[in-house]
Amino acid sequence: MSLPSGSGFHIFRTFASLEITKPAIRVTFIELPHSLVPCTMGYTLTEGYPPFSLPIFAFTTLISLPASLIVRPNPYRWILWVSIVVGDAYLAFTTTHHPVVDYFLGSVYAGTILLGSDYILLTEPQKELRLRGQKDAVDSAPLSERFRWGIRLWSSLRGVGWTHEPNRLCAPVSPETTRLAFIQRRLLVVAMNVFLLDAMSIYNRANPAFLGNGISMADRPWSLRYVDLLAWVWTSQAQMRILHGIVSIISVLSGLSMPRDWVDPFGSLLDAYTLRRLWGRTWHQFVNRFASSHGKYLARKLYTSFAMSIFLHMVADFTMFKRWNVGGSLFFFAIQPFTIMFETGVIMLARRFGHSGEPEIWTRLVGYAWVLTWFVLTFPGWFDPMSRVRFMEIGLNMPFSIILGLWKGEWWQGDV
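Numbering (the working numbering), first residue to last: 10 to 425.
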């Protein structure tokens, strides 16, 4: 399947033809190590933009937002949110000259603004939010207690251990689990996902749709598009589980948290036989808190949730590309809620004809095929622009390979 030149996909063709050269490393606030700079395909869209400012980032993300949760309720907390918006808006126009780092930082900027809107403008956290088992509001507690409480809320994006924790998260770790047993299990999870990421990276490096100078995923044979989609899912999940596992081990080992505070970031892929279940159960729920809180003030929570995702991913796109018209997040996330509503209508119609109760195996198989096909059709529009700046090559793939190292002695797979 080739991309029609007159369609919205044409911009991806145009973007792929841009001449890209290795950028110079610019230093003002933070110096990038050479290993973080793309080598064979550079990154020129950020030329002329100021360098990333670590002090401003620390002020907005690590000071202003936590401070809004620690100070007692007062009518002036909104000033902290304004400082977050101004600081993060400036940061979106800065660059590290590394596309993947810029994309990650852009999502942090947007997430901080949305969390600030929730915790500062829409909610009075110290009066309205509670840890499980917490009886009294924390607003009258001493500073040391409010500090610990605020930092715990700030670091719990999904609300694990709080009364607002979504009931659709994976089962929590048993309270009887010891620290040693938890760390042993997490080390095993990390090791298994390192192996999975290694295997996926081998496939990804041989896939022209995942290369900066390659082709669109939509140009691949149909059968391979399904494989490519699953490869991206497993690559992303493995990387996030590795990071989540390492952070959880450090946090529990240092005594900063308990094993019960750590829930797997993803649900089961077996639950993803509808789009609604995939987005609501299988995929991570890190945006759930600010999506649900803003949804209380709008008529449609489903559309609000995806509006939050659009904002977050478009800011990430802009921070990476420094163009609003290059990334594919707007179309990809905007079409999801409408398709979910269509899907819900089909399910309701099927129930009218007697297909009620738990779905049978054949129904789930049809559902899996539907979900996979939907993303095979829509995912390239979001992914292709990122692939052209080597998002997979230098951002998601492992730069070394244990598998190839043991097999062929080819340990190092990076080109930088």
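Just so it is clear, CB atoms sit at the ideal spot from N, CA and C, and this is done for glycine as well. Source: prediction; values computed, not measured.
- According to the DSSP assignment, residue 253 belongs to the alpha helix (DSSP H) that extends over 231-263.
- Among the bridge pairs identified by DSSP, residue 75 is matched with none.
- C-alpha of residue 104 to C-alpha of residue 57: approximately 10 Å in a straight line.
- Between the region 201-216 and the region 186-193, the count of Cβ pairs shorter than 8 Å is below three; the stretches do not touch.
- The residues 147, in chain order, have a CB closer than 6 Å to that of residue 158 in the same chain once the five nearest residues on each side in sequence are set aside.
- Residue 118 counts as buried, since at least 16 other C-beta atoms from the protein chains shown sit within 10 angstroms of its C-beta.
- Note on geometry: alpha-carbon atoms of residue 128 and residue 65 lie some 20 Å from one another.
- Looking at 284, 55, 384 and 183, the one whose alpha-carbon comes closest to that of residue 355 is 284.
- A distance below 8 Å separates the beta carbons of residue 341 and residue 391.
- Excluding its 5 nearest sequence neighbours in each direction, residue 383 has C-beta neighbours in its own chain below 8 Å: 284 and 348, listed in chain order.
- Distance between residue 333 and residue 323, taken at the CA atoms: about 8 Å.
- Spatial neighbours of residue 112 in its own chain (CB-CB distance under 8 Å, excluding positions within 5 residues in sequence) are listed in chain order as 325, 326, 328, 329, 395, 400 and 404.
- Here residue 135 is near residue 82, since their CB atoms are less than 8 Å apart.
- Counted as a single uninterrupted DSSP element, the alpha helix (DSSP H) harbouring residue 349 occupies residues 338-361.
- The way I'd put it, the region 149-157 doesn't touch the region 230-240; fewer than three beta-carbon pairs between them come closer than 8 Å.
- A Cβ-Cβ distance of about 5 Å is found for the pair residue 175 and residue 297, placing them in contact under the 8 Å criterion.
- Following the DSSP letters along the chain, one finds residue 312 inside the alpha helix (DSSP H) bounded by residues 310-330.
- Proximity of the region 269-276 to the region 240-260 meets the contact definition, three or more beta-carbon pairs being nearer than 8 Å.
- Just measuring C-alpha positions, the residue of 380, 248 and 415 sitting nearest residue 406 is 248.
- Each of 338, 321 and 227 was checked against the Cα of residue 389, and the nearest Cα belongs to 227.
- Boundaries of the alpha helix (DSSP H) harbouring residue 136: 134-137, taken from the DSSP string.
- In the three-state reduction of the DSSP assignment, residue 278 falls in the helix class, which pools H, G and I.
- For residue 295, the secondary structure class from DSSP, reduced to helix, strand or coil, is coil.
- Contact check for residue 126 against residue 299 passes: the beta carbons are separated by less than 8 Å.
- Runs of the beta strand (DSSP E) lying entirely within the region 174-218 and spanning at least 3 residues: none are present.
- Looking at the DSSP output, residue 392 sits in no beta bridge, so it has no partner there.
- DSSP places residue 104 within a strand segment (E or B) once states are collapsed to three.
- Judged by DSSP secondary structure, residue 153 falls within the alpha helix (DSSP H) whose first and last residues are 152-163.
- For residue 66, the enclosing alpha helix (DSSP H) starts and ends at 63-66.
- When only Cα atoms are considered, residue 166 and residue 417 end up about 42 Å apart.
- Per DSSP, residue 333 lies in no alpha helix (DSSP H) segment and is marked neither H nor E.
- Taking all protein chains in view, the Cβ of residue 318 is crowded by 16 or more other Cβ atoms within 10 Å, so the residue is classified as buried.
- Put simply, of 412, 419, 315 and 220 the residue whose alpha carbon is nearest the alpha carbon of residue 205 is 412.
- Sorting 155, 214 and 220 by C-alpha distance to the C-alpha of residue 79 places 155 at the top.
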